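The structure appears below as structure tokens.
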Amino acid sequence: MLTGKQKRFLRSKANNVDPTFQIGKSGINDNMVSQINDILENRELIKVHVLQNNYEDKNDLAQSLSDATRSDVVQVIGSMIVLYKESQDNKQIQLP
């Protein structure tokens with residue numbers, strides 16, 4: 001679980017990150033979860049863009065992704081979800 005200070009730090013880092021994934025009307029599937037897991041292992045911090053044709057609640061989507069990938073939701077803002085997961089082998093971000 002991230003503290004408020006850590007979330008602020010990660011939000012500032014996320015400003016320079018481009019969205020890696022898009023969630024469309026089909027929602028979240030197993031293939032997407034495994035790909036997101038791989039990317040999180042490499043990058044630790046990613047953005048997921050929720051397209052306009054997805055009518056699910058963005059906070060629910062963020063929580064589902066977080067649970068499926070065992071990552072932390074840093075932020076849900078507009079149509080963006082920011083996720084963080086500490087890498088096992090490729091640690092790049094030092095949390096305060």
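Its first residue numbered 1, the sequence shown is counted upward by one per residue in the UniProt record's numbering. Using N, Cα and C, we set each Cβ at its ideal position, and we do this for glycine too. These numbers come from a predicted model, not from an experiment.
Exercise. Indicate the three-state DSSP secondary structure (helix, strand or coil) for K58 in the structure shown.
Key: helix
Practice problem: Might you give, ordered along the chain, the residues of its own chain that have their beta carbon closer than 8 Å to the beta carbon of Q22, omitting 5 neighbours on each side? | Solution: Counting only Cβ-Cβ distances below 8 Å, and skipping sequence neighbours, we find V48, H49, V50, L51.
Quiz item: CB S64 to CB V73, shorter than 7 Å?
Solution: no
Quiz item: For L45 versus A68, is the C-beta spacing smaller than 7 Å?
Solution: Judged by beta-carbon spacing, A68 lies beyond the 7 Å limit of L45, meaning their Cβ atoms are not closer than that value.
Self-check item: Separation of D57 from F9, as counted between CA atoms
Solution: Just so you know, the alpha carbons of F9 and D57 end up roughly 25 Å apart.
Self-check item: Residues bridged to D18 [DSSP beta-bridge criterion]
Solution: Note: D18 sits in no beta bridge, so no partner.
Quiz prompt | Exposure label - I77; buried when at least 16 CB within 10 Å | solution = exposed
Self-check item: Proximity of K25 and N54 at Cβ, strictly below 7 Å
Solution: yes
Exercise. Out of L83, M80, L40, I81, point me to the one whose CA is closest to D89's CA.
Key: Distances from the CA of D89 to each of L83, M80, L40, I81 were compared; the closest alpha carbon is that of L40.
Quiz prompt | Rounded C-alpha distance that separates M80 from V17 | solution = 11 Å
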